[in-house]
Amino acid sequence: LVVDGNVAQEGTILEADLTANNLDYTFDTVAFGTSGAAIDYRVDNIEVLYVPVPETSASEDGFEDGDRDNDGIADGPVNDALDLGFPWFFARGVSGMLVDVADDSAGIGTGNAFRAFVSTTSTRAMIASIDPVTLADGQKIAFQFDVRLDGFAPDSDRRFRYGLYNSEGTPVVADTSDSVTTDDDTGYMVQMDTGVSPDSSITIRRDLVGSLTGGGTFALGATSDDPQWSLGTTKRTVRLELERRGDEMDARAYVDGMLATAGFDPTPETYTFDEIVFSTNSIPIVSFLVDNVVVETPAASVCLPDVNHDGMVSPADFSAWVAAFNTMAPECDQNGDGMCSPADFSAWVANFNVGCP
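As structure tokens, then:
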């Protein structure tokens with residue numbers, strides 16, 4: 549509830565499938581009123597705002613190529629050589645953790661998975677680079693995957709971690725024990741407990757430089773004393789969403805589709821992200837598996853008048869539009885009506901005059 553531009557009350561909004569209640573997705577009436585009291589009131593400046601869901605694009609890794617770092621040497625079964633996914637590298641240490649790609653059809657249940665056996669209590673992280681994304685106001689980035697522990701699940705505090713980071717121009721491009729390339733990284737991470745302790749918690753933190761899923765962090769939100777958020781031997785689908793709101797950053801962590809914790813950062817270190825990370829920290833000897841990694845980013849905006857896709861809006865695009873019209877190519881449709889017709893020429897002229905950012 550927002551009053552005079554300020555949040556007067558907030559809480560969790562329950563999600564529901566409208567069709568399950570025989571409702572459609574059409575709304576044509578607004579209403580206000582009183583209940584339980586006789587009062588006079590006045591209303592003015594009514595607005596109904598429609599906010600479309602931003603389009604997103606997704607990159608995925610199912611590890612079906614059997615190659616965790618995309619070096620052409622299989623680390624496990626090769627089920628689909630074209631499923632290259634992300635190249636995953638050790639960061640901040642290579643000892644005390646053995647990794648491969650294993651068939652986890654009986655566990656996570658979708659074929660191959662990345663597997664790590666951790667035999668050290670030191671922090672061990674796996675990191676992958678993604679195409680850089682700088683969030684504009686209202687845009688969102690999400691990091692999601694399936695994960696489970698293998699063998700046993702010890703009760704341990706905030707020991708499995710994952711997050712979205714900015715490499716600050718020093719990406720990890722090979723397995724390394726050197727922390728120099730990640731000491732300048734900033735971002736956001738989720739910390740999950742393992743086991744079944746009733747004191748289990750899940751936390752979102754802003755990660756400062758010199759940390760990378762370690763210390764030196766700023767807590768954004770926490771949900772404590774609830775083992776339903778813990779990581780065990782059963783598959784969990786975990787997700788971190790970051791959404792820019794003005795100069796702030798909203799952060800939300802989900803477990804199996806349910807919102808586990810949320811918070812906001814009033815002073816973000818960065819709005820740009822080009823790395824995804826998962827790690828363990830001071831955890832007892834344990835093995836974990838990860839599969840179905842998905843990174844959702846804002847879809848690239850389409851510049852309609854740039855019909856020849858050369859990155860510029862110029863008179864050459866007129867000839868390109870005529871060619872698109874003659875062949876009924878998708879670029880012909882400039883007014884978004886799903887058809888290619890002479891009306892699209894006027895629409896192209898209007899789009900040309902407006903240009904693109």
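The sequence shown begins at 549 in this note's numbering and counts up one residue at a time.
Cβ atoms here follow ideal geometry from the backbone N, Cα and C, with glycine treated the same way.
- Residue 875 carries a helical assignment under DSSP once its states are collapsed to helix, strand and coil.
- Excluding five sequence positions before and after residue 804, the CB atoms of its chain that fall closer than 7 Å to its own CB belong to 784, 785, given in chain order.
- The residue from 842, 590, 870 with its alpha-carbon nearest to that of residue 853 is 870.
- Annotated three-state conformation of residue 863 is coil, per DSSP.
- By a beta-carbon distance limit of 8 Å, residue 882 does not contact residue 868. Their separation comes to about 12 Å.
- Cβ-Cβ distances below 7 Å link residue 774 to 748 in the same chain, with the five nearest sequence neighbours on each side left out; the list follows chain order.
- In the structure shown, the three-state DSSP call for residue 622 is coil.
- Taking all protein chains shown into account, residue 730 has 16 or more neighbouring C-beta atoms within 10 Å of its C-beta and is therefore buried.
- The alpha-carbon separation between residue 619 and residue 607 amounts to approximately 19 Å.
- Shown here, residue 826 sits in a strand according to DSSP, grouped into three states.
- Here residue 637 is bridged, per DSSP, to 675.
- Taking 8 Å as the upper bound for CB-CB distance, residue 664 and residue 836 are in contact here, some 6 Å apart.
- Between the C-alpha atoms of residue 814 and residue 798 there is a straight-line separation of about 9 Å.
- Here residue 701 has 742, 743, 780, 781 as same chain residues with Cβ atoms under 6 Å from its own Cβ, once five neighbours each way along the sequence are excluded.
- Between residue 739 and residue 753, the beta carbon gap of about 6 Å places them in contact (Cβ cut-off 8 Å).
- Residue 678 sits away from residue 720, with the two beta carbons spaced by 8 Å or more.
- With contacts defined by Cβ atoms closer than 8 Å, residue 839 and residue 611 form a contacting pair.
- Counted as a single uninterrupted DSSP element, the alpha helix (DSSP H) harbouring residue 895 occupies residues 891-902.
- Apart from sequence neighbours up to five positions away, the residues of its chain that approach residue 745 with a beta-carbon distance below 6 Å are 703, ordered along the chain.
- C-alpha of residue 616 to C-alpha of residue 636: approximately 6 Å in a straight line.
- Under DSSP, residue 838 forms a beta bridge with 662, 695.
- In the structure shown, the three-state DSSP call for residue 690 is strand.
- By DSSP's assignment, residue 803 forms a beta bridge with 786, 806.
- The beta carbon of residue 819 is closer than 7 Å to those of 682, 683, 792 in its chain, skipping five residues each way along the sequence.
- Going by C-alpha positions, residue 575 is about 21 Å away from residue 592.
- Annotated as distal: residue 697 and residue 790, with beta-carbon spacing of 8 Å or more.
- Rounded to the nearest angstrom, the gap between the Cα atoms of residue 873 and residue 856 is 13 Å.
- Beyond the five residues adjoining it in sequence on each side, residue 891 comes within less than 7 Å, by CB distance, of 883 in the same chain, given in chain order.
- Here DSSP, grouped into helix, strand and coil, assigns residue 681 to strand.
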